[in-house]
Amino acid sequence: MGQKRKEVMCMNRVWNLSAGPATLPLEVLEQIQVNFLDYEGTGMSVIEMSHRSSSFQSIIDEAELLLRELLDIPEDYAVLFMQGGATLQFSALPLNLSHGNNLGYIVSGSWGDKAYKEAKKLNNKTLLLGSSKNIQYTALPTYDADRIPSCDYVHITSNNTIEGTEYFNYPECGDTPLVADMSSDFLSQPVDVTKFGLIYAGVQKNLGPAGISIVIVKKQLIREDLVGVPTYLDYATHANNQSMYNTPNTFAIYASMLVLRWLKKNGGLQAIHEKNKEKAQLLYDYIDHSSFYHNPVKVSERSLMNIPFTIGDKELEAKFIKEAKDSGFENIKGHRSVGGMRASLYNAFPKEGVLALIRFMNQFEEENQS
Ligand SMILES: *Cc1c(COP(=O)(O)O)cnc(C)c1O
Numbered sequence: 010m011g012q013k014r015k016e017v018m019c020m021n022r023v024w025n026l027s028a029g030p031a032t033l034p035l036e037v038l039e040q041i042q043v044n045f046l047d048y049e050g051t052g053m054s055v056i057e058m059s060h061r062s063s064s065f066q067s068i069i070d071e072a073e074l075l076l077r078e079l080l081d082i083p084e085d086y087a088v089l090f091m092q093g094g095a096t097l098q099f100s101a102l103p104l105n106l107s108h109g110n111n112l113g114y115i116v117s118g119s120w121g122d123k124a125y126k127e128a129k130k131l132n133n134k135t136l137l138l139g140s141s142k143n144i145q146y147t148a149l150p151t152y153d154a155d156r157i158p159s160c161d162y163v164h165i166t167s168n169n170t171i172e173g174t175e176y177f178n179y180p181e182c183g184d185t186p187l188v189a190d191m192s193s194d195f196l197s198q199p200v201d202v203t204k205f206g207l208i209y210a211g212v213q214k215n216l217g218p219a220g221i222s223i224v225i226v227k228k229q230l231i232r233e234d235l236v237g238v239p240t241y242l243d244y245a246t247h248a249n250n251q252s253m254y255n256t257p258n259t260f261a262i263y264a265s266m267l268v269l270r271w272l273k274k275n276g277g278l279q280a281i282h283e284k285n286k287e288k289a290q291l292l293y294d295y296i297d298h299s300s301f302y303h304n305p306v307k308v309s310e311r312s313l314m315n316i317p318f319t320i321g322d323k324e325l326e327a328k329f330i331k332e333a334k335d336s337g338f339e340n341i342k343g344h345r346s347v348g349g350m351r352a353s354l355y356n357a358f359p360k361e362g363v364l365a366l367i368r369f370m371n372q373f374e375e376e377n378q379s
């Protein structure tokens, strides 16, 4: 029997501003560590046990229950744990939800563009309803609302991880199901699930380790009569087998379940939303009051999760990234398509880290302004 160590060997934890995989709550990591060799007296690690065991069944059941509770998911929606990340959902959506009509895409960033292109590859009735590519995705696009009724679904990306915009009001789609890639703002705020036909998210941004995506789908959109769709990509496969048609990513489900417990214990989605707003506001206010740093995004559509900023001088930006790293801020380099820096302030990134970042930015500005 492995002896449980309560104390945790530590530790030079950095301020991890990664866009994903991303920082997780320290107390969750400690719980994983303490239980890793012997999960609750089973004498084995959670990564060694059968996914058909009662121990794992209770983990996945609790994960689904907590998700339903936190997001207030109605009974007529299924919750699926799948693999392949958000990217595999780009393919699953057109294969499952097309009834021969148009498939509408509102493209607000690079991820939405990938989703659109994948749908186009699989279905020649894929329609671009709007795009803000011409302004480098620095604001959400306008879109052709008149064509929404001709669509089997309308796809949006709720938070644009790379460019730093976020939907605070979702498009009105009437009877057409709205589908959202929520990978990078999943569980960061309360969401009215009934507004959506389907929500999906890779969990490695805001919920857990890489390796699963969660799909929340209105049951009536799941088809039992699909022909020619690969078994794994058919939502019915997962819905009819409680996400255990094949071996699921047991560890990622376990770790996500612990983060869901952490979210609930800390007051749920309204409470985390308040914290997220406060953290983002601190950084935006600082950037806006500085003439040294810039954020290019339309103010009313700025993401609470991913905050890109620039200095406007490539050499200074490289110096910033290097000195930030030396001062304990990791992964602050912006996406290669946008350049500059990006601070990802997901649920588990604490306010103290934001305050420390602002102190560092302020010092860097003083030392480097011309
Ligand atoms: C990260 C990300 C993806 C890709 O996720 P994978 O799990 O790596 O496939 C898709 N959409 C958005 C909005 C993302 O942030």
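Be aware that the sequence shown starts at 10, since it is given in my numbering, and climbs by one per residue. Built from N, CA and C at the ideal position, the CB exists for glycine as well. In this text, all values refer to a predicted model and were calculated from it rather than measured experimentally.
Beta bridge counterpart(s) of C182 as assigned by DSSP: Per DSSP, none; premise fails for C182.
Would L46 and S59 be called neighbours here (beta carbons separated by less than 7 Å)? no
Near ligand 1: S192 beta-carbon under 6 Å from a heavy atom: yes
Just to confirm, is the Cβ distance from A352 to I316 under 7 Å? Going by C-beta atoms, A352 is nearer than 7 Å to I316.
Quick one: Cα of L3 to Cα of V363, how far? A query on residue 3 cannot be resolved here, the shown segment of the chain reaching from 10 to 379 and no further.
Is it the case that the CB of T170 approaches a heavy atom of ligand 3 more closely than 6 Å? This structure lacks ligand 3; its bound ligands are ligand 1.
Per DSSP, what are the beta-bridge partners of E339 in this structure? Partner(s): N25.
According to DSSP, residues forming a beta bridge with Y209: In DSSP, Y209 forms a bridge with D190 and V224.
Is G349 near ligand 1, judged by its Cβ being under 6 Å from some heavy atom? Result no, Cβ not under 6 Å from ligand 1.
Using C-beta distances below 7 Å, list every residue in its chain close to S346, excluding the 5 sequence neighbours before and after it, in chain order. S119 and I171
In whole angstroms, give me the CA-to-CA distance for I56 and P305. 44 Å
For G113, three-class secondary structure by DSSP: strand
So, are the CB atoms of E326 and G349 less than 7 Å apart? yes
What first and last residue would you give for the alpha helix (DSSP H) that runs through L138? Run containing L138: none in the alpha helix (DSSP H); it sits in the beta strand (DSSP E), T135 to S140.
Please classify N25: is it buried, with 16 or more other beta-carbons within 10 angstroms of its beta-carbon, or exposed? buried
Less than 7 Å between the C-beta atoms of Y244 and N356, yes or no? no
Express the C-alpha separation of E73 and K360 in angstroms, rounding to a whole number. 29 Å
Inter-residue Cα distance where the pair is E324 and N377: The alpha-carbon atoms of E324 and N377 are separated by roughly 11 Å.
Out of P199, G220, L230 and K227, point me to the one whose CA is closest to E283's CA. P199
Looking at ligand 1, does it come within less than 6 Å of G220, judged from the CB to the closest heavy atom? no
Inter-residue CB distance, D161 and S107 (contact presumed, cutoff 8 Å): That pair is a contact at about 5 Å.
According to DSSP, is Y152 helix, strand or coil? coil
Measuring from the CB of T174, is there a heavy atom of ligand 1 at a distance below 6 Å? Not under cutoff, so the answer is no.
Which residues in the same chain have their Cβ closer than 8 Å to the Cβ of R156, if we skip the five residues on either side of it in sequence? N111, G113, L136 and L138
Is G52 near ligand 1, with its Cβ less than 6 Å from a heavy atom? no
Considering only heavy atoms of ligand 1, does any lie closer than 6 Å to the CB of G29? True, at least one ligand heavy atom lies under 6 Å from that Cβ.
Distance between E71 and S63 (C-alpha atoms, nearest Å): 12 Å
Where in the stretch 228–301 do unbroken runs of the alpha helix (DSSP H), each at least 4 residues long, occur, reported from the N-terminal end onward? Restricting attention to alpha helix (DSSP H) runs no shorter than 4 residues, the stretch 228–301 encloses them at 244–248, 259–274 and 277–298, ordered along the chain.
Would you kindly work out how many angstroms separate the C-alpha atoms of D81 and D322, rounded to a whole number? The straight-line gap from Cα to Cα measures roughly 46 Å.
I need the DSSP call for G173, collapsed to helix, strand or coil. coil
Among L313, V238, N250 and S299, the one whose alpha carbon lies nearest that of V88: N250
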